[in-house]
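Numbering (our numbering), first residue to last: 6 to 149.
Step one of this worksheet: look at the structure below.
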């Protein structure tokens, strides 16, 4: 699925956002936490995490990286929201369980991971390198 936005729906309840500087170069669609008053890449699916948006109102594309100390917005995630996020290289199938890995990149969950989302595309998709894919946030996280 090719999309030009991070938040995919539902349209009637767009999520709230937080605004902070980014602590390092960051790509939209990655999971972030707030550390030292700035957005930093999440390294796991624990604690409070958000999804980094692009500054769409000033014309930033979803593939345009933030530079260190740029001001950014991040979505406060809720169950059943759909996002176009950064996925690790790999093969993904419909409703595959996902977790957050290094650098805030979503990846396939394995035994012992906290599952926070599901791959939300109808067809199997293989990414040879990190790229975007649609996910749905689960109503509650659980240990796989």
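Beta carbons are placed, not taken as given, at the ideal position from N, Cα and C, and that holds for glycine.
Start and end residues, beta strand (DSSP E) containing residue 39:
36 to 40
Keeping to the same chain, check which residues put their C-beta closer than 7 Å to that of residue 48; ignore five residues upstream and five downstream.
107
Cβ contact check for the stretch 120 to 129 and the stretch 94 to 101: 3 or more pairs under 8 Å:
yes
9 Å Cβ cutoff met for residue 95 and residue 131:
yes
Alpha-carbon to alpha-carbon, residue 32 and residue 70:
5 Å
Continuous beta strand (DSSP E) assignments of at least 3 residues falling wholly in the stretch 64 to 92:
76 to 81 and 87 to 92
Can you have a look at residue 27 and say buried or exposed, based on whether 16 or more other CB atoms are within 10 angstroms of its CB?
buried
Please state whether DSSP places residue 130 in a helix, a strand or coil.
strand
Cutoff 8 Å; reference residue 84; Cβ partners in own chain excluding five residues on either side:
142, 143, 144 and 145
Compute the Euclidean distance between the alpha carbons of residue 115 and residue 147, then round it to the nearest angstrom.
12 Å
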